[in-house]
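Trainee: Next up is a structure, given as structure tokens.
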Amino acid sequence: MSVNQQAHTGPPYGQPQPGYQGYQQPAYGQSLPGAPQAQYGAYNGPMPGYQQPAPPQGYFPSLGFPSKGSPVSLNSDTSSLAPNFIGSLRAPPTSGAPPPASGASHPSGPLAYNQFEHGDVQNGIPASAAPVQRPPASQPFLPGSAPTPVSQISTFQQYGPPPASVQQLRNHMAGMTIGSTAASAPPPAGLGYGVGPSSYPPTTGAPRPPAMPGPPLPGQTVAGPPSSQPNHVSSPPPPSTMAGLHPGPPMSGLHGPPPPTHPPQPGYPMQQNGSFGQIRGPQPNYGGAYPGAPNYGSPPGPPPPPKRLDPDSIPSPQLNELPPQQKPRHRIDPDAIPSPIQVIEDDRNNRGSEPFVTGVRGQVPPLVTTNFLVKDQGNASPRYIRCTSYNIPCTSDMAKQSQVPLAAVIKPLATLPPEETLPYLVDHGESGPVRCNRCKAYMCPFMQFIEGGRRFQCCFCSCVTEVPPHYFQHLDHTGKRVDFYDRPELSLGSYEFLATVDYCKNNKFPSPPAFIFMIDVSYNAVKSGLVRLICEELKSLLDYLPREGNMEESAIRVGFVTYNKVLHFYNVKSSLAQPQMMVVSDVADMFVPLLDGFLVNVNESRTVIASLLDQIPEMFADTRETETVFAPVIQAGLEALKAAECAGKLFIFHTSLPIAEAPGKLKNRDDRKLINTDKEKTLFQPQTSFYNNLAKDCVAQGCCVDLFLFPNQYLDVATLGVVPYQTGGSIFKYAYFQLETDQYRFLNDLRRDVQKDVGFDAVMRVRTSTGIRATDFFGAFYMSNTTDVEMAGLDCDKTITVEFKHDDKLSEDSGALLQCALLYTSCAGQRRLRIHNLSLNCCTQLADLYRNCETDTLINYLAKYAYRGVLSSPVKTVRDALINQCAQILACYRKNCASPSSAGQLILPECMKLLPVYLNCVLKSDVLQPGPEVTTDDRAYIRQLVTSMDVAETNVFFYPRLLPLTKADVDSDSLPAAIRNSEERLSKGDIYLLENGLNIFVWVGVSVQQSLIQNLFGVSSFSQISNALSTLPVLENPFSKKVRSIVDMLQGQRSRYMKLIVVKQEDKLEMLFKHFLVEDKSLTGGASYVDFLCHMHKEIRQLLS
């Protein structure tokens, strides 16, 4: 956030503000010292006709969501796949730092596979290693298994949109080939996949007709899903914006797009009810087949019939019965299976134009890829909390039966777009916040006032508590307090309380935090130009330290340390003419050699600091010292914060494995031979427990560690990352750092990291209403007990994922409540409580659960669960458990919620129809299925990064966004429509951009027009384009400006600066690019989307039988 911008506080409550009547109340009317004046207009409760402001720049009025009621069965397609883009997320407020130089870098030097080194989010996975123990209920889908028997023939076919008449359907069927083994031609583009609402029958299932597999016709082979691939594609896990699909609450009149009308052209017919059945060949007197290219602009029509796909019951027609142009098509048409792009586009169209008003319990929010405004009317914004389901089962038996994990992804300090109001700060004076006597929940909109307002009944534990006299207010005729709209804690889902001294360590208010910059000055760091670069940048960056609200300057003090095998501390006291250096060579017993003059105010010591930063590169210019220490550096920072009695953050810039004699010394234990063995898990575990103990000490002091790594070889990220991870810090990695290509990316990351909103010495607790409780936590933090999540630092990008389990029955009437309370110290040293409340529905019918799930959040949880699993179980076990759990989720739906149909059909719930494609992306990610070029450090880095990603980040990380740049309209602000992640969607005459939150690839086809190449790269031919570009050249023409604005917009949406890599078709770098085309089969053996869908279907059928 910009330093000049209001800090994370709304106007303090209790000071007179324009438009706020009745605000000044005797007991807490003092205005806060140094608090900003009302920056947002008056808060007067929900506004009746909320007008949506014009969408800000960088927002795209979004497009829509499929109605939530209907199960999708994969078999007809009634709606078309409009290609579209994965929405631009709101950029974080630009900060006041020097403008980031646009550009990212590209590995030169040994071309290591480092698409990750600047992660998309900064942190890692807790070492709590719960073994993944769900025995796979099915054969693992791994190389070498025999082809599937005929009865499990591959489950999806190509279908055209449904024909209008039964005759056409039959005809269509005759034209289908299923499962024959010839090589497939690419399917025609444009066959639609649509979702038709189907009603959920009562869960007591009616008898289902048996499937009738038809025998293969003579001379024809039937292939099952290729069983030769494991189910995952080793793609560098695409980052954070998973194309999600959570259509919102059922709304009347919203159905999928209507069956498109098309010009006649060959396609495939279906049977009347949408299932494929046995048909022998073309039959006389029937109209032509239903044609192919969808038309996208038609208004919604009547709901299409539910789709099913029943390959089992279709024998392939003999080749001589097929019209010639259909003979080569023998696989499921990729256009006939659920498309992430279509789901995202539909949600944008349907839900992007209206504000999301949070007043209703259990509403499913728009997808993370949709730009929407939030109006808080009693539940926390989805920017703060997203759930895997907004309607949770009433009993634990029902939850076990469905296997849908109940989890919330919480981002307590999330950045809001400028149009939304920051949480108001409420000051109750010395008495502090009003709380329940028994469970200690904080006052919130769901508390019930009784006895004329003199007492309140807790919504979490039902205990009745006296209302303190200063807080008393009369009730109106509906039982609401008269001051309901004047108090954020009674009418809003999110707000802050000013904490009293009782909420502070040792019962005294905290001092403002400190930042300590600790720079590796060993040979590698000096020779690469890194030390000089850091010192130059810090001179200007120190003016942009975070500050609160309208404070003139930041309250944060700074200190400086350099190190190699020994540590150098600097006295930069303002009264000195020159900085003084003190060396501590006894690294085994670390202490801070000076107190006064180490941590200083930037403005007071400006000239001494500038002199120091000029001298450091010169002092170490001729160093020959190659060895470094690491643990003593953290210990030194910790001791300095202890001596100053404050919390703070260490920024450590480190280049190599710490092999010098010192505590925490490490050895090189990199061993690729362990991959796919039972010992593979040791690669993710720290090699010594020393760092776990050090992390515990850091958390106790509020010492958060951010680590910037610049390795040229293995440096054991799994061990070095323990302290940053457990203190709530971040890791940034720039392998083979080259000044020319990597400095932009590093400086942008450093600027954002220094300036962003952060809370120190934080403790978070999640309370729930009776019936469920928080049982498991994922993220970058430390836990010393089972309920409190402790973080030395928590920034605006970090999420904590919480899983809930039943401990009693829930009721449909009262629903379920969550309250997340975060106690933290602001960057000005103010102790605060931030509260987020959320109410969910409860259901007794499984169909209601499946109608209200959010696939993006589910994938975020499953990825974190799996990435923690690799610490304690073999990777294969973790993958099998993931597949098995998802098969159980979908089998339970099929058995209890879908209308009866043949077992050969795959039927998916409407809001989980993307679960298979996204799950396959997680399985193919580098942590779970690495390619030969992925280093052990890359895997450990990604594992930690994903563990504290939010839902938008995992969404684009696992299913990257692919945009055809040549289709961009240079005159509009919008992005070109995204396309699906598959090589067959690329044309060699076009240029494409692929982003995953860590990298931006610009892929140039071999036949691109020479004029486009000239306009974008400033060279005259394809062969002259340089692979070493880390930024696009600034050229004065509309196409260059448009592409650079798209890159800048995407950079602004991500929490890390993405590395730009130019890839020419048929070039050696193209293999890296293809790794991100996640719908295709991967080189490491990961299945294509189509194959994985077939495999999932087989698993589901085994569970059902």
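Residue numbers (my numbering): -15 to 1089.
Glycine included, each C-beta is placed from N, C-alpha and C at the ideal position.
1. Quick test of your reading: Asn652 and Leu634, contact by CB under 8 Å. State the CB separation rounded to the nearest angstrom.
2. Within its chain, find whatever has a CB closer than 8 Å to the CB of Phe456; leave out the 5 residues flanking it on each side and keep chain order.
3. For a minimum of 3 consecutive residues, which ranges assigned as the beta strand (DSSP E) are wholly contained in the stretch 535 to 621?
4. Rounded to whole angstroms, what is the Cα-Cα separation between Pro452 and Pro417?
5. Per DSSP, what kind of secondary structure is Ser1005 in: helix, strand or coil?
6. Using a threshold of 7 Å, state whether the C-beta atoms of Asn1011 and Val1046 are closer than that.
7. Tell me, please, whether the stretch 369 to 388 touches the stretch 420 to 430 by the rule of three or more beta-carbon pairs shorter than 8 Å.
8. Where Leu903 and Gly581 are concerned, what is the direct C-alpha to C-alpha distance, given to the nearest angstrom?
9. Got a sec? Which residues, its chain only, sit under 7 Å from Asp792 by beta carbon, not counting five neighbours each side?
10. Quick one: complete alpha helix (DSSP H) runs, 4+ long, within the stretch 300 to 387?
11. Assuming Phe501 and Val568 are in contact, meaning their beta carbons sit under 8 Å apart, how far apart are those beta carbons, in whole angstroms?
12. Could you tell me whether the stretch 957 to 977 touches the stretch 918 to 938, where touching means 3 or more Cβ pairs closer than 8 Å?
13. Nearest CA to the CA of Ser1039: which residue from Ala561, Cys519, Thr399, Pro695?
14. Report the three-state DSSP secondary structure of Gly853 (helix, strand or coil).
15. Taking buried to mean at least 16 other C-beta atoms within 10 Å of its own C-beta, is Ser1007 buried or exposed?
16. Which two residues bound the contiguous alpha helix (DSSP H) that contains Arg1028?
17. Once DSSP output is grouped into helix, strand and coil, what is the label at Cys895?
18. Measure from the alpha carbon of Asp832 to the alpha carbon of each residue in Lys663, Gly346, Gln599, Asn534, then state which is nearest.
19. Spell out the partners DSSP gives Tyr1119 in its beta bridges.
20. Considering just the uninterrupted stretch of the alpha helix (DSSP H) at Asp681, what are its terminal residues?
21. Pro324: which of Thr462, Arg945, Ala882, Cys881 sits nearest, CA to CA?
22. Are there three or more Cβ pairs, one per stretch, closer than 8 Å when the stretch 350 to 365 is compared with the stretch 464 to 481?
23. Can you say whether Leu579 is buried or exposed, counting buried as having 16 or more other CB atoms within 10 angstroms of its CB?
24. For the beta strand (DSSP E) that Val773 lies in, which residues bound it at each end?
25. Just the C-alpha distance for Glu520 and Leu597, rounded to the nearest angstrom, thanks.
26. Using a Cβ-Cβ cutoff of less than 6 Å, which residues in the same chain neighbour Tyr877 once the five nearest sequence positions on both sides are dropped?
27. On a CA-only basis, which of Asn825, Ala719, Phe493, Ile715 is nearest Ser795? Give me that one, please.
28. Can you give me the start and stop residues for the alpha helix (DSSP H) that Pro708 sits inside?
29. What are the partner residues of Met1055, as DSSP defines its beta bridges?
30. Cα-Cα, which of Ser373, Ile819, Tyr808, Ala684 is closest to Asn843?
31. Would Gly743 and Leu778 qualify as a contact pair, given that the criterion is a beta-carbon distance under 7 Å?
32. So, for Leu723: in the same chain, excluding its five sequence neighbours on each side, which residues have a beta-carbon less than 6 Å away from its beta-carbon?
33. Does the distance from the CB of Lys359 to the CB of Val348 come in under 7 Å?
34. Please go through the same chain and pick out, in chain order, the residues whose beta-carbon is closer than 7 Å to the beta-carbon of Thr770, but skip the five residues on each side of it.
35. Quick one: measure Cβ to Cβ for Ser506 and Thr661, integer angstroms, because I've assumed they're closer than 8 Å.
36. Pick out whichever of Ser991, Leu977, Ile867 has its Cα sitting closest to the Cα of Phe985.
Mentor: So, to answer that:
1. Taking the sequence shown and counting its residues from 1, the one referred to as residue 652 is at position 668. Taking the sequence shown and counting its residues from 1, the one referred to as residue 634 is at position 650. Wrong, their Cβ atoms sit about 25 Å apart, outside the cutoff.
2. Walking along the sequence shown from the start, residue 456 turns up at place 472. Counting only Cβ-Cβ distances below 8 Å, and skipping sequence neighbours, we find Gly437, Arg438.
3. The qualifying runs are 541 to 547, 551 to 555, 564 to 568.
4. For the purposes of this step, residue 452 is identified with residue 468 of the sequence shown, where counting begins at 1. For the purposes of this step, residue 417 is identified with residue 433 of the sequence shown, where counting begins at 1. Across the structure, Pro452 and Pro417 are spaced so that their CA atoms are roughly 10 Å apart.
5. Position 1021 of the sequence shown, counting from 1, holds the residue named residue 1005. Assigned with DSSP and collapsed to three states, Ser1005 falls in coil, not helix or strand.
6. Against the sequence shown, residue 1011 aligns to sequence position 1027. Against the sequence shown, residue 1046 aligns to sequence position 1062. Yes, the pair counts as a contact, with Cβ atoms nearer than the cut-off.
7. Touching, no, given that fewer than three Cβ pairs across the two stretches are closer than 8 Å.
8. Counted from its first residue, the sequence shown places residue 903 at position 919. Counted from its first residue, the sequence shown places residue 581 at position 597. Spanning the two alpha carbons is a distance of roughly 54 Å.
9. Reading the sequence shown from its first residue, position 808 is the one you call residue 792. For Asp792, where only same-chain residues beyond five positions count, the Cβ hits under 7 Å are Thr754, Gly755.
10. Fully enclosed alpha helix (DSSP H) runs of 4 or longer: 324 to 335, 380 to 386.
11. Taking the sequence shown and counting its residues from 1, the one referred to as residue 501 is at position 517. Taking the sequence shown and counting its residues from 1, the one referred to as residue 568 is at position 584. Actually they do not touch by this definition, with Cβ atoms about 17 Å apart.
12. Look at the beta carbons and you see the stretch 957 to 977 not touching the stretch 918 to 938: under three pairs across the two are nearer than 8 Å.
13. As a first step, residue 1039 must be located in the sequence shown, where it is residue number 1055. Residue Thr399 holds the alpha-carbon nearest to the alpha-carbon of Ser1039 among Ala561, Cys519, Thr399, Pro695.
14. Here the question's residue 853 lines up with position 869 in the sequence shown. The answer is helix: DSSP assigns Gly853 an H, G or I state.
15. What you label residue 1007 is simply residue 1023 of the sequence shown in a count that begins at 1. Result: exposed.
16. The count along the sequence shown starts at 1 and reaches residue 1028 at position 1044. Where Arg1028 is concerned, the enclosing alpha helix (DSSP H) stretches over 1022 to 1037.
17. Looking up residue 895 in the sequence shown gives position 911. Note: Cys895 maps to helix in three-state DSSP.
18. Walking along the sequence shown from the start, residue 832 turns up at place 848. Each of Lys663, Gly346, Gln599, Asn534 was checked against the Cα of Asp832, and the nearest Cα belongs to Gly346.
19. Nothing can be reported for residue 1119, as the shown portion of the chain is limited to -15 through 1089.
20. Stepping through the sequence shown from its first residue, residue 681 is reached at position 697. 674 to 685 is the span of the alpha helix (DSSP H), which, as asked, contains Asp681.
21. Sequence index remark: in the sequence shown, residue 324 carries index 340 (1-based). For the set Thr462, Arg945, Ala882, Cys881, the Cα lying nearest the Cα of Pro324 is the one of Arg945.
22. Touching, per the Cβ criterion.
23. Residue 579 sits at position 595 when you count from the first residue of the sequence shown. When all chains shown are included, Leu579 counts as exposed.
24. Residue mapping note: residue 773 aligns to position 789 of the sequence shown, counting from 1. The continuous beta strand (DSSP E) containing Val773 extends over residues 773 to 779.
25. Here the question's residue 520 lines up with position 536 in the sequence shown. Here the question's residue 597 lines up with position 613 in the sequence shown. Straight through space, the alpha carbons of Leu597 and Glu520 are spaced by roughly 7 Å.
26. As a first step, residue 877 must be located in the sequence shown, where it is residue number 893. Hits under 6 Å: Tyr834, Pro893.
27. Within the sequence shown, numbered from 1, the residue matching residue 795 stands at position 811. With distances taken between CA atoms, Ser795 lies nearest to Asn825 out of Asn825, Ala719, Phe493, Ile715.
28. Locating residue 708 in the sequence shown gives position 724, counting from the first residue. Pro708 -> alpha helix (DSSP H) spans 706 to 710.
29. By one-based count along the sequence shown, residue 1055 stands at place 1071. Per DSSP, none; premise fails for Met1055.
30. Counted from its first residue, the sequence shown places residue 843 at position 859. Position check: residue 843 holds Ile in this sequence, whereas Asn was assumed. Cα-wise, what sits closest to Ile843 is Ser373.
31. Stepping through the sequence shown from its first residue, residue 743 is reached at position 759. Stepping through the sequence shown from its first residue, residue 778 is reached at position 794. Yes, Cβ-Cβ distance for Gly743 and Leu778 is below 7 Å.
32. Position 739 of the sequence shown, counted from the start, is the residue given in the question as residue 723. Excluding the 5 residues flanking it on each side, Leu723 has same chain C-beta neighbours closer than 6 Å at Gly513, in chain order.
33. For the purposes of this step, residue 359 is identified with residue 375 of the sequence shown, where counting begins at 1. For the purposes of this step, residue 348 is identified with residue 364 of the sequence shown, where counting begins at 1. Not a contact, by the Cβ cut-off of 7 Å.
34. Stepping through the sequence shown from its first residue, residue 770 is reached at position 786. Annotation for Thr770: no residue places its beta carbon closer than 7 Å to its own, counting only its chain and skipping 5 residues before and after.
35. By 1-based counting over the sequence shown, the position of residue 506 is 522. By 1-based counting over the sequence shown, the position of residue 661 is 677. Contact annotation, Ser506 with Thr661: C-beta distance approximately 34 Å; criterion of less than 8 Å not satisfied.
36. As a working mapping, residue 985 is identified with position 1001 in the sequence shown. The shortest Cα separation from Phe985 among Ser991, Leu977, Ile867 belongs to Leu977.
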